[in-house]
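J.:
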Ligand SMILES: NC(=O)c1ccc[n+]([C@@H]2O[C@H](COP(=O)([O-])OP(=O)(O)OC[C@H]3O[C@@H](n4cnc5c(N)ncnc54)[C@H](OP(=O)(O)O)[C@@H]3O)[C@@H](O)[C@H]2O)c1
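Now the structure itself:
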């Protein structure tokens, strides 16, 4: 566990704020204080890299202690240590394969044992995207995508949700995609698996609303992360993609931070079962956009 020295302006929380105090405080909070995550704790799957890592960072910056999950312990540890050192929060690197029910159970247990409670889950892990025709996809490609992107998010939500239900407060954020809504060629496994996440989100939101557990989905468009490097290198593919994005560019990874903080905090107390597109207008446009400077 990465624990670092505390900066003078932010005392380290040694004993976590009790649940009763947190919910009392949040009722009285207005404005910016509703984004404060001091005393909260989180698990971020896929948290070692990319958008998941940005999510873990913003939670820590807002005051939460964060467990970083990867199948590779060294990767989780490197990110956890970096976040602990940067934001002076407690962090916990965890090795888990989210397609394995027993490992997911242990992942949640370890976070609760270490932090004393669990308030926030970000389901950020995703299987590698296969780009190929339907005929070139194998059944195993489809199974891997569904097992990771959909069933993995379900397993993690179910395990984390038990703890959140008990304490009557929780936030679950599923990281879907614009491909949760759009049919696109040559990505059938990804499209099918991400297409299930809105319904996972709505089903859990409806079932857990009584317990103060809000479940929402963020649908990122194309972000400037390593997975999009091949598109950036291919002039034609890049032009075709950007023609569909009114803001005419990739999202910068840090542009996912605000939406995550909103949905992880008390600021989203009246938002559940929602899909928040963070896509530069891609899903709004529905037609190629004529960028005005062209
Ligand atoms: N980047 C984009 O433009 C974009 C656009 C739309 C949606 N998204 C979504 O945003 C999320 C993050 O995407 P990203 O591109 O930043 O990162 P990414 O490269 O897709 O990384 C996701 C991480 O998930 C982990 N993972 C995969 N299978 C796992 C398993 N069975 N158990 C545990 N962890 C597993 C992998 O980490 P380990 O190998 O370390 O386990 C992987 O590094 C994904 O859900 C993605 O679908 C991204």
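In our numbering, the protein residues as written are 63 to 356.
From the three backbone atoms N, C-alpha and C, an ideal C-beta is built for every residue, glycine too.
This structure is a prediction, so every number in the text was calculated from the model and none was measured.
Who pairs with residue 130 in a beta bridge, going by DSSP?
T.: Position 68 of the chain shown, counted from the start, is the residue given in the question as residue 130. Looking at the DSSP assignment, residue 130 forms a beta bridge with 106 and 155.
J.: Using only the heavy atoms of ligand 1, determine whether one of them is closer than 8 angstroms to the beta carbon of residue 237.
T.: On the chain shown, position 175 is the one that residue 237 refers to. Yes, the beta carbon of residue 237 sits closer than 8 angstroms to at least one heavy atom of ligand 1.
J.: Run the CB neighbour count on residue 61, radius 10 Å, all protein chains shown included, and call it buried at 16 or more, exposed below.
T.: The chain is shown only over 63 to 356; residue 61 falls outside these bounds and no answer can be derived.
J.: At the 9 angstroms Cβ level, is residue 262 part of the contact set with chain D, yes or no?
T.: Here chain D cannot be found, since the structure has a single protein chain.
J.: Ignore the nearest five residues each way along the sequence and tell me which others in residue 233's own chain have a CB closer than 6 angstroms to its CB.
T.: For the purposes of this step, residue 233 is taken as the residue at position 171 of the chain shown. Hits under 6 angstroms: 182, 276 and 326.
J.: Roughly how many angstroms separate the alpha carbons of residue 102 and residue 131, rounded to a whole number?
T.: Numbered from 1 along the chain shown, position 40 holds the residue referred to as residue 102. Numbered from 1 along the chain shown, position 69 holds the residue referred to as residue 131. Rounded to whole angstroms, residue 102 to residue 131 spans 17 angstroms at the Cα level.
J.: Between residue 170 and residue 208, what straight-line distance do the alpha-carbon atoms span, to the nearest angstrom?
T.: Taking the chain shown and counting its residues from 1, one reaches residue 170 at position 108. Taking the chain shown and counting its residues from 1, one reaches residue 208 at position 146. Cα to Cα, residue 170 sits roughly 21 angstroms from residue 208.
J.: Quick one: using the 10 Å Cβ neighbour count with 16 as the cut-off for buried, is residue 155 buried or exposed?
T.: Indexing the chain shown from 1 puts residue 155 at position 93. Classification of residue 155: buried, given that the 10 Å Cβ count is 16 or more.
J.: How far does the alpha helix (DSSP H) with residue 118 in it extend, from its first residue to its last?
T.: For the purposes of this step, residue 118 is identified with residue 56 of the chain shown, where counting begins at 1. Note, residue 118: alpha helix (DSSP H), 112–123.
J.: Is residue 246 buried or exposed, if buried means 16 or more other CB atoms sit within 10 Å of its CB?
T.: Within the chain shown, residue 246 is the residue found at index 184, counting from 1. The residue is exposed, with fewer than 16 neighbouring Cβ atoms inside 10 Å.
J.: For residue 345, name the three-state secondary structure that DSSP assigns.
T.: The residue given as residue 345 occupies position 283 in the chain shown. Helix.
J.: Return helix, strand or coil for residue 274, following the three-state DSSP convention.
T.: Residue numbering aside, residue 274 sits at position 212 when the chain shown is read from its first letter. Of the three classes helix, strand and coil, the one that applies to residue 274 here is coil, per DSSP.
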